[in-house]
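Student:
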Amino acid sequence: MNQTGLPARRTAHHLLMQITTEGRLMAELIAGGALNQLANDDRARAQRLATDALRGLDRADRMLKPYLKKTPPDHVMNALRLGVIELCGGEAAHGVVNAYVEIVGRNKRTQAMKGLTNAVLRKIAAEGPEGWEKRAVPLTPGWLRQPLVAAWGREAVVGMEAAHFSGAPLDLTAKTDADAVAKATGGTVLPTGSVRVTNAGQVTSLPGYDAGEWWVQDAAAAIPVKLLGDVKGRKVLDLCAAPGGKAMQLAAAGADVTAVDLSERRMERVQENLTRVGLKARTVVSDAFAFEETGFDAILLDAPCSATGTIRRHPDLPYAKDGSEFGALIDQQETMIDHALGLLKPGGRLVFCTCSLLPDEGEVQVEEALSRHSGLTVDTDVLRIPGVDPEWITQEGGLRLRPDYWSDLGGMDGFYVAVLQKAE
Ligand SMILES: C[S@@+](CC[C@H](N)C(=O)[O-])C[C@H]1O[C@@H](n2cnc3c(N)ncnc32)[C@H](O)[C@@H]1O
Numbered sequence: 247m248n249q250t251g252l253p254a255r256r257t258a259h260h261l262l263m264q265i266t267t268e269g270r271l272m273a274e275l276i277a278g279g280a281l282n283q284l285a286n287d288d289r290a291r292a293q294r295l296a297t298d299a300l301r302g303l304d305r306a307d308r309m310l311k312p313y314l315k316k317t318p319p320d321h322v323m324n325a326l327r328l329g330v331i332e333l334c335g336g337e338a339a340h341g342v343v344n345a346y347v348e349i350v351g352r353n354k355r356t357q358a359m360k361g362l363t364n365a366v367l368r369k370i371a372a373e374g375p376e377g378w379e380k381r382a383v384p385l386t387p388g389w390l391r392q393p394l395v396a397a398w399g400r401e402a403v404v405g406m407e408a409a410h411f412s413g414a415p416l417d418l419t420a421k422t423d424a425d426a427v428a429k430a431t432g433g434t435v436l437p438t439g440s441v442r443v444t445n446a447g448q449v450t451s452l453p454g455y456d457a458g459e460w461w462v463q464d465a466a467a468a469i470p471v472k473l474l475g476d477v478k479g480r481k482v483l484d485l486c487a488a489p490g491g492k493a494m495q496l497a498a499a500g501a502d503v504t505a506v507d508l509s510e511r512r513m514e515r516v517q518e519n520l521t522r523v524g525l526k527a528r529t530v531v532s533d534a535f536a537f538e539e540t541g542f543d544a545i546l547l548d549a550p551c552s553a554t555g556t557i558r559r560h561p562d563l564p565y566a567k568d569g570s571e572f573g574a575l576i577d578q579q580e581t582m583i584d585h586a587l588g589l590l591k592p593g594g595r596l597v598f599c600t601c602s603l604l605p606d607e608g609e610v611q612v613e614e615a616l617s618r619h620s621g622l623t624v625d626t627d628v629l630r631i632p633g634v635d636p637e638w639i640t641q642e643g644g645l646r647l648r649p650d651y652w653s654d655l656g657g658m659d660g661f662y663v664a665v666l667q668k669a670e
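Counting with the numbering used here, you get residues 247 to 670 for the letters of the sequence shown.
#1: State the start and end residues of the unbroken alpha helix (DSSP H) segment that holds Asp307.
#2: Note the first and the last residue of the continuous alpha helix (DSSP H) segment covering Thr266.
#3: With DSSP collapsed to three states, give me the class of Lys421.
#4: Any heavy atom of ligand 1 inside 7 Å of the beta-carbon of Val443?
#5: Tell me whether the stretch 333-346 and the stretch 365-385 touch, counting them as touching only if at least three CB pairs, one residue from each stretch, are closer than 8 Å.
#6: Where does Trp389 land, buried or exposed, given buried means 16+ other C-beta within 10 angstroms?
#7: Assuming Val383 and Glu407 make a contact with CB atoms under 8 Å, what is their CB distance in whole Å?
#8: Which residues mark the beginning and the end of the beta strand (DSSP E) in which Ala664 is found?
#9: Short of 6 Å in beta carbon distance, which residues of its chain neighbour Leu310, apart from the five on each side in sequence? Order them along the chain.
#10: Verify the contact flag: Gly660, CB atom, against every heavy atom of ligand 1, threshold strictly below 7 Å.
#11: Checking 8 Å against the spacing of the C-beta atoms, do Val441 and Val449 come in under that value?
#12: Where does Ala544 sit, in a helix, a strand or coil, going by DSSP?
#13: Just reading off the beta strand (DSSP E) that Cys601 is part of, what are its end residues?
#14: Would the beta-carbon of Cys486 be found less than 7 Å away from any heavy atom of ligand 1?
#15: Can you tell me which of the three DSSP states Trp197 falls into?
#16: Where does the unbroken beta strand (DSSP E) through Val477 begin, and where does it stop?
#17: My understanding is that Ala397 touches Asp650, with C-beta atoms under 8 Å, so please give their C-beta distance in whole angstroms.
#18: Taking 8 Å as the threshold (C-beta atoms), are Arg515 and Ala488 in contact?
#19: What does DSSP give as the partner residue(s) for Val441 in the beta ladder?
#20: Whose C-beta lies closer than 7 Å to the C-beta of Asp562 among residues of the same chain, with five residues either side of it excluded?
So this is what it looks like as structure tokens:
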């Protein structure tokens, strides 16, 4: 690692700038090579710094506010935020202050604010970790907080924010034996059968990775496939399949799986994942709407969505997005449900799910699908599987999963799932 820490800090700052001012997502920036110029441990450091700054951004801003007469330009603000995160995380003040003063000084437009950066960060250093700890849990940006409060109430949203701030443990789905995977990885088996590992470190170094004994999948994301029950020998279509967590569950359960995804690059990941775990599925790169094979016993539609259920892992999302794309996603989900129903055998089952916290991408989609398709019903009996709290069952017959659930176990991603049955 570079001793000054400057390369990692500059990269973290650059990531933060692109996320907060250009609406780019961290995963997309990293896939595009944002960390490539760094040494391995600097890469991890830069990503951790940016992630921590996003997770604590609202708290950092509240800590900075008393020391700023007016909000400085984004370049300075993001340097200050990173400084707060490091100083309140216990890093030595001298190195942190120098590094962010340098980052502010390297930009011609903000050069003149080096003194301000130095003065503010020294005040933050004096407050230290105690000043950080006494501040409230960071609030979600208003554009998302408002619809969440309207849907779930203020108290629930406070619980979600606590879960978002805590981050997420690593969850694994075992190919065959969850107890054995838990034993080998030092994890615990959750009530729904996923294995949870805390402080996992490097995923590829965990026992069983090379042997393909498990794959990474949040416990909530593992529930939709479980609701299909016994799929052995059944013809199952996974219509939005990449990176393949649910396709692998289906294949492991003995289904005859066809996995479709629009993205060639993401489908390569599905193929790599299937190969690692030694499972088979037919993979088809296609737009779901252009895929017209029919006669499936079951279809899994894990539709593209706002991904607001995954903020524990992706704290960049509320800062990169503003909700303006969500209307188009909601329309697409509706037409995808209709298209999927057309590919299903009479009497077949459609599992519709989204990793969203917004009812418009879950409960409302199912209510509206039921009113558009006569003879379509919701199967609620299948929701009663081990570990699923009956309280999570919704009025229209789906399952609402939220990050504030299982708070004593380490939370879960936000998800919605319903099992629809086509008329005979
Ligand atoms: C929520 S992810 C699916 C996650 C996957 N089911 C899993 O469990 O690993 C949504 C996927 O839909 C794909 N997608 C988006 N639009 C699509 C379309 N029109 N047709 C097919 N796939 C699409 C994306 O490439 C993305 O991989």
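Positions of the beta carbon are idealized from the N, C-alpha and C atoms, including for glycine. Computed from a predicted structure; not experimentally measured.
Tutor: In brief:
#1: Its alpha helix (DSSP H) spans residues Leu303 to Leu310.
#2: First-last of the alpha helix (DSSP H) with Thr266: Leu252 to Glu268.
#3: In the structure shown, Lys421 sits in coil (DSSP, three-state: anything other than H, G, I, E or B).
#4: No, since every heavy atom of ligand 1 falls outside the 7 Å radius drawn around the Cβ of Val443.
#5: With contact defined as three or more Cβ pairs closer than 8 Å, the stretch 333-346 and the stretch 365-385 are in contact.
#6: With fewer than 16 other CB atoms across the displayed protein chains lying within 10 angstroms of its CB, Trp389 is exposed.
#7: With 8 Å as the limit, Val383 and Glu407 qualify as a contact, their Cβ atoms being about 5 Å apart.
#8: DSSP places Ala664 inside the beta strand (DSSP E), whose first and last residues are Phe661 to Gln667.
#9: Contacts found: Leu326.
#10: Result no, Cβ not under 7 Å from ligand 1.
#11: No. Outside cutoff.
#12: Strand, per DSSP.
#13: Cys601 -> no beta strand (DSSP E), and no H or E assigned at all.
#14: Within the cutoff, so yes.
#15: In the structure displayed, the chain extends from 247 to 670; residue 197 sits before or after that span and is not available.
#16: Premise fails: Val477 is in no beta strand (DSSP E) and is neither H nor E.
#17: That pair is no contact at about 13 Å.
#18: Contact: yes.
#19: Answer is Leu418 and Val435, bridged to Val441.
#20: Ile265, Leu271, Met272 and Leu300, listed in sequence order.
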